[in-house]
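Participant: Protein chains in written order, with the working numbering: chain F, 30 to 334; chain Z, 2 to 429.
Note that the Cβ used here is the ideal one computed from N, Cα and C, for glycine as well.
If you're wondering where the values come from, they're calculated on a predicted model, not measured in any experiment.
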Amino acid sequence: MQNVTLFCFFASYLCALALEVVRLLRPSDVCRWIALAFSVAGLVAHTIYLVVRSQSADLPPLLGSTHDWLLVLAWTIVLTHILMNAANRQVASGVFFLPMILVLVGTARYVSDAAETQQGTLYWWKMAHASFLVMGIVGTSLSLPVSAMYLLQHRKLRSKVAAREGVQLFSLESLGRWNWWLVVASVPFLTLGMASGVALSVLSRGTDQAVDLTSWQFLVLGGLWLLMIALFVWVLTARRVSGRIIAWRTAIVCGVLLASLLVLQVFNQGGVHGRTVSTLFEPIRPDPWLPAQSSFLLTLEELGP
Amino acid sequence: MNVQVIYCNHQTAAIQVREKLAFSQSAQLLEAYKDLRDRFPQSEHVVISTCNRIELYSAQERQEDAPTSIEVARFLAEFHQVPVDEFIGDLMTQVGPDAVRHLFEVASSVDSMVLGENQIVNQVKEAYELATQGDANGPLMHALFHRALQASKRVRTETRLSEGRTSIASVAVGDFGKSIFNRFDDKLVLVIGAGEMAAETLQYLKGEGVRRIIICNRSRERADQLALAFGGEVHPYESLDRWLGEADVIVSTTGAGTPIVDPQRFRKAREKSGIKPVFILDLGAPRDFDPLVAEVDDEVYLYDIDDLQATCERNRQTRQKEIEHARRIIDEETVSFMHDVHHMSTGPVVKRLRESWHELSRQELDLLFRKLSHLGDDDRRQIERSIERIVNKLLHPPLETLRDEAREGPPHGLIDALKRLFHIGDDA
Numbered sequence: 030m031q032n033v034t035l036f037c038f039f040a041s042y043l044c045a046l047a048l049e050v051v052r053l054l055r056p057s058d059v060c061r062w063i064a065l066a067f068s069v070a071g072l073v074a075h076t077i078y079l080v081v082r083s084q085s086a087d088l089p090p091l092l093g094s095t096h097d098w099l100l101v102l103a104w105t106i107v108l109t110h111i112l113m114n115a116a117n118r119q120v121a122s123g124v125f126f127l128p129m130i131l132v133l134v135g136t137a138r139y140v141s142d143a144a145e146t147q148q149g150t151l152y153w154w155k156m157a158h159a160s161f162l163v164m165g166i167v168g169t170s171l172s173l174p175v176s177a178m179y180l181l182q183h184r185k186l187r188s189k190v191a192a193r194e195g196v197q198l199f200s201l202e203s204l205g206r207w208n209w210w211l212v213v214a215s216v217p218f219l220t221l222g223m224a225s226g227v228a229l230s231v232l233s234r235g236t237d238q239a240v241d242l243t244s245w246q247f248l249v250l251g252g253l254w255l256l257m258i259a260l261f262v263w264v265l266t267a268r269r270v271s272g273r274i275i276a277w278r279t280a281i282v283c284g285v286l287l288a289s290l291l292v293l294q295v296f297n298q299g300g301v302h303g304r305t306v307s308t309l310f311e312p313i314r315p316d317p318w319l320p321a322q323s324s325f326l327l328t329l330e331e332l333g334p
Numbered sequence: 002m003n004v005q006v007i008y009c010n011h012q013t014a015a016i017q018v019r020e021k022l023a024f025s026q027s028a029q030l031l032e033a034y035k036d037l038r039d040r041f042p043q044s045e046h047v048v049i050s051t052c053n054r055i056e057l058y059s060a061q062e063r064q065e066d067a068p069t070s071i072e073v074a075r076f077l078a079e080f081h082q083v084p085v086d087e088f089i090g091d092l093m094t095q096v097g098p099d100a101v102r103h104l105f106e107v108a109s110s111v112d113s114m115v116l117g118e119n120q121i122v123n124q125v126k127e128a129y130e131l132a133t134q135g136d137a138n139g140p141l142m143h144a145l146f147h148r149a150l151q152a153s154k155r156v157r158t159e160t161r162l163s164e165g166r167t168s169i170a171s172v173a174v175g176d177f178g179k180s181i182f183n184r185f186d187d188k189l190v191l192v193i194g195a196g197e198m199a200a201e202t203l204q205y206l207k208g209e210g211v212r213r214i215i216i217c218n219r220s221r222e223r224a225d226q227l228a229l230a231f232g233g234e235v236h237p238y239e240s241l242d243r244w245l246g247e248a249d250v251i252v253s254t255t256g257a258g259t260p261i262v263d264p265q266r267f268r269k270a271r272e273k274s275g276i277k278p279v280f281i282l283d284l285g286a287p288r289d290f291d292p293l294v295a296e297v298d299d300e301v302y303l304y305d306i307d308d309l310q311a312t313c314e315r316n317r318q319t320r321q322k323e324i325e326h327a328r329r330i331i332d333e334e335t336v337s338f339m340h341d342v343h344h345m346s347t348g349p350v351v352k353r354l355r356e357s358w359h360e361l362s363r364q365e366l367d368l369l370f371r372k373l374s375h376l377g378d379d380d381r382r383q384i385e386r387s388i389e390r391i392v393n394k395l396l397h398p399p400l401e402t403l404r405d406e407a408r409e410g411p412p413h414g415l416i417d418a419l420k421r422l423f424h425i426g427d428d429a
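Below is the structure:
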């Protein structure tokens, strides 16, 4: 179990995606089952990886590191994809979900995997903050492929292409309803995540864990949150708007939010929590897919006096 | 075992002929089985009678007991009171493996008018059950029909012969309607016109759970009939604009000379309801909806008869491509079935040979045990087992050869040789 690496499940998801694409070109039950088996195998490896890391750091994966946090996010989407696949064997949901999963797992490889060892008295605040944000971001992440499916299905139906031809998808009614619920459910979680983050920052003022609320990273995140709020209000109040417009706007807003978040995590290690040099960061275990010397993380020992 | 089928179907006979020869009710068929038993007492029979085919399958142990096509034609003529001359030219006969292959093709829907349709499997099953009820079949027909259903299952699971819908109404509801709506029980269906196509489409929509149906038709009488058949409400034709705005599904089959709904009328009708998905099936020819109605907003999904016909045709072509694959499976199943039949014919000889050799070994063992009375039970059992193994090993090569020979056809030569070599009587 100790030998499970990021590469194991990344490769599994990649194989599953390749098979899903093959399935699109040549529908086959065998392909579908093998793709599902790869996804399940990936999920098992993914779970083992998170459990092992969590045990090593003696922290839940949500609090371990940005690396773990992104992997928890990806894990939730994999689970949704597998359940969706099991529920409807005709729909090629993997084509929409697996690329996002691969992006999240791939991004996790480039962010800090060092665990924060000091949790102190703010443990539960941190836990709530990370959990709310994960739930909110899972919602926005899922609404991206769901919107894409809606737009494709809409295009198919308007072009008079029958259900069995091309990519098979869920009905417009289902996709529209899921999209609506994902947006409506994720915004309160994001708001709670942001609010708990601000509270956490106030409570930890004076310590090296405090977040600077005037930093550009925080302002970017605040802007993205406001964008989601705007979408939320619009979705709830819009009356004479077609499902296609809702899907387009949802896809754009959620896409921008997710892309910005990932870019922030990669290029500004740890995002808003970024501390490029700190004694708090110590690698838990080197990732065999990621040689230690190529890590963005620098410990004080490596920097020298 | 001999098998033959004498039949006429949609490919060989006109509907006028098939109508005359069909067995429309179970009681009539049971009576026919009684007649067949009297005429051909050594044969087992199953009759498949549908709107597209009338087929009489017979099987018997001896070839000379098989009914000829003239005898079957005479039976049909007398039973239905139709002159033989009217249909004798339309009757086809298949014998042996060809008859088996024909049944497998029928059961697999390869021989159906609508390729890959599912109804035929049940019809074949019901025909067999009715023959059983009429005491007309036995082990031969049981084996044949059991294998036919097995072949049909293989074709359905291993090919895409039954995939894709091929009727306008089923494509409309199944392929398009269900891609728009997840459920239909909360949808309002508006039917404009009350033609046959409307009835067929409503049948599918009712199957999906539609509860509320509004019918607007110029002729009140036909609208009432449709409403009665499907539990709909009839509203005056003048209220059409109101329902155009409220309906989730619109089925139009008026057959008017010019479109009855243009974009302006439809946009105005939708003003009150707001933008919600509406699925329009324009089954009229000429069309009842101006094609520009589809451009009124993003949530209008308008399909005319040509759009649906194109999908039906594509589905038919997909099924057609699978036919070769289906025939390969049917050929495999036919060969396998015929092999089993031929092998079955060696059964009595094999049984007798085994019995005589084991009997011989038993006698020798009894003699031996009388001489060696000091042997314990355990020793006796060991010797018995050894002798049994020797007998089985000696029997194995001739029986294996017999089995191999049965692949090519009934191994009459070998059976005769075995009978002569080992003095097996003709009663075997």
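So, for Ile251(Z): in the same chain, excluding its five sequence neighbours on each side, which residues have a beta-carbon less than 6 Å away from its beta-carbon?
Facilitator: Counting only Cβ-Cβ distances below 6 Å, and skipping sequence neighbours, we find Leu191, Ile281.
Participant: Does the CB of Val306(F) have a neighbour CB from chain Z at under 9 Å?
Facilitator: Its pLDDT being 34, under 50, Val306(F) is placed unreliably by the model, and nothing is read from it.
Participant: Determine the DSSP secondary structure at His326(Z), reduced to helix, strand or coil.
Facilitator: Note: His326(Z) maps to helix in three-state DSSP.
Participant: Residues of the stretch 169-196 of chain F in Cβ contact with chain Z at a cutoff of 9 Å, in chain order, please.
Facilitator: Listed in sequence order: Gln182, His183, Lys185, Leu186, Arg187, Lys189, Val190, Ala191, Ala192, Arg193, Glu194.
Participant: Take Ser346(Z) and list the residues in its own chain whose beta-carbon comes closer than 6 Å to its own, dropping the five residues that flank it on each side.
Facilitator: So the list reads Pro411, once near-sequence residues are dropped.
Participant: Restricting to Cα atoms, I'd like to know which of Ile49(Z), His344(Z), Ile384(Z) is closest to Ala33(Z).
Facilitator: Looking at the Cα atoms, Ile49(Z) is the closest of the given residues.
Participant: Can you tell me whether DSSP reads Thr493(Z) as helix, strand or coil?
Facilitator: With chain Z covering 2 to 429 only, the question about residue 493(Z) has no answer from this structure.
Participant: With a threshold of 6 Å on Cβ separation, who are the neighbours of Val172(Z) within its own chain once the five nearest residues in sequence on each side are excluded?
Facilitator: Cβ neighbours of Val172(Z) beyond the five flanking positions: Arg166, Leu309, Thr312, Cys313.
Participant: In chain F, which residues lie less than 8 Å from Asp298(Z) when you measure between Cβ atoms?
Facilitator: What Asp298(Z) touches in chain F: Ser271.
Participant: Rounded to a whole number of angstroms, what is the C-alpha to C-alpha distance between Asp378(Z) and Met2(Z)?
Facilitator: Spanning the two alpha carbons is a distance of roughly 46 Å.
Participant: Quick one: is Lys179(Z) near chain F, going by C-beta distance under 9 Å?
Facilitator: It does: the Cβ of Lys179(Z) has a partner Cβ on chain F nearer than 9 Å.
Participant: Are there any heavy atoms of the ligand NAP lying less than 8 Å away from the beta-carbon of Ala327(Z), as far as the coordinates show?
Facilitator: The ligand NAP is not part of the structure shown, which contains no ligands of any sort.
Participant: Would you verify that the beta carbon of Phe199(F) is, or is not, closer than 9 Å to some beta carbon of chain Z?
Facilitator: By this cut-off, Phe199(F) is an interface position.
Participant: Taking the Cβ atom as the reference point for each residue, do Leu48(F) and Phe36(F) lie within a distance shorter than 9 Å?
Facilitator: No. Outside cutoff.
Participant: Any chance you could list the alpha helix (DSSP H) runs of at least 4 consecutive residues sitting entirely within the stretch 12-97 of chain Z, in chain order?
Facilitator: Segments of the alpha helix (DSSP H) lying fully in the stretch 12-97 of chain Z: 16-22, 27-40, 70-81.
Participant: Along the alpha helix (DSSP H) that carries Asp242(Z), what are the first and last residues, could you check?
Facilitator: First-last of the alpha helix (DSSP H) with Asp242(Z): 241-247.
Participant: In whole angstroms, what separates the C-alpha of Val306(F) from that of Leu250(F)?
Facilitator: Residue placement at Val306(F) cannot be trusted, given a pLDDT of 34 that sits under 50; what the coordinates show is reported in the next sentence. Roughly 22 Å between the two C-alpha positions.
Participant: Do you know whose CA, among Gly285(Z), Phe80(Z), Gly348(Z), lies nearest Thr259(Z)'s CA?
Facilitator: Of the listed residues, the one whose Cα sits closest to Thr259(Z) is Gly285(Z).
Participant: Just the C-alpha distance for Glu197(Z) and Val69(F), rounded to the nearest angstrom, thanks.
Facilitator: Computed Cα separation, rounded: 50 Å.
Participant: Within a Cβ cutoff of 8 Å, which residues of the same chain sit near Ala74(Z), ignoring the five residues on either side of it in sequence?
Facilitator: The answer, listed in chain order, is Ile7, Val85, Phe88, Ile89, Leu92.
Participant: Of all the options Gly117(Z), Arg243(Z), Gly194(Z), which has the alpha carbon lying nearest to the alpha carbon of Ser220(Z)?
Facilitator: It is Gly194(Z) whose Cα lies nearest to the Cα of Ser220(Z).
Participant: So which of Ile416(Z), His344(Z), Ala200(Z), Gln82(Z) has the shortest CA-CA distance to Thr255(Z)?
Facilitator: Comparing Cα-Cα distances from Thr255(Z) to each of Ile416(Z), His344(Z), Ala200(Z), Gln82(Z), the minimum goes to Ala200(Z).
Participant: Take the Cβ of Trp245(F) as the centre, count every other Cβ of all protein chains shown within 10 Å, and call the residue buried at 16 or more, exposed below.
Facilitator: Exposed, because fewer than 16 other Cβ atoms sit within 10 Å of the Cβ of Trp245(F).
Participant: Between Ser203(F) and chain Z, is there a C-beta pair that is closer than 9 Å?
Facilitator: True, the Cβ-Cβ gap to chain Z drops below 9 Å.
Participant: Please list, in chain order, all residues of the same chain as Thr335(Z) whose beta carbon is under 7 Å from its beta carbon, the five residues on each side excluded.
Facilitator: Closer than 7 Å at the Cβ level, and outside the excluded window around Thr335(Z), lie Pro98, Val101, Arg102, Phe105.
Participant: Any chance you could list the beta strand (DSSP E) runs of at least 3 consecutive residues sitting entirely within the stretch 238-296 of chain Z, in chain order?
Facilitator: Counting only runs of 3 or more, we get 250-253, 279-283.
Participant: Starting from the beta carbon of Arg61(F), find every residue of chain Z whose beta carbon is closer than 9 Å, and list them in chain order.
Facilitator: Ordered by position in chain Z, no residue passes the 9 Å Cβ test against Arg61(F), which lies about 14 Å from the chain.
Participant: If you measure beta-carbon to beta-carbon, which residues of the stretch 253-281 of chain F are closer than 8 Å to chain Z?
Facilitator: Of all residues in the stretch 253-281 of chain F, Arg268, Arg269, Val270, Ser271, Gly272, Arg273, Ile274 have a Cβ within less than 8 Å of some Cβ in chain Z.
Participant: Which residues in chain F sit within 7 Å of Thr312(Z), going by Cβ to Cβ distance?
Facilitator: Ordered by position in chain F, the residues that pass the 7 Å Cβ test against Thr312(Z) are Ala191.
Participant: Is Arg138(F) close to chain Z? Criterion is C-beta to C-beta, closer than 9 Å.
Facilitator: Output row for Arg138(F): interface = no.
Participant: Return no unless some Cβ of chain Z is closer than 9 Å to the Cβ of Arg118(F).
Facilitator: No, because no Cβ of chain Z sits closer than 9 Å to the Cβ of Arg118(F).
Participant: Report yes if the C-beta distance between Ala430(Z) and Glu45(Z) is below 9 Å; otherwise report no.
Facilitator: What the structure shows of chain Z is the stretch from 2 to 429, and residue 430(Z) is not part of that stretch, so it cannot be assessed.
Participant: Which same chain residues end up closer than 7 Å to Trp358(Z) when comparing Cβ atoms and leaving out the 5 residues on each side of it in sequence?
Facilitator: These residues qualify, in order along the chain: Val392, Leu396.
Participant: Gln364(Z) to Leu376(Z), Cα distance in whole Å?
Facilitator: Each residue's Cα considered, the two are about 17 Å apart.
Participant: Can you give me the start and stop residues for the beta strand (DSSP E) that Asn138(Z) sits inside?
Facilitator: No beta strand (DSSP E) holds Asn138(Z); DSSP gives it neither H nor E.
Participant: Would you mind stating whether Leu162(F) and Gly222(F) have Cβ atoms separated by less than 9 Å?
Facilitator: Cβ atoms of Leu162(F) and Gly222(F): closer than 9 Å.
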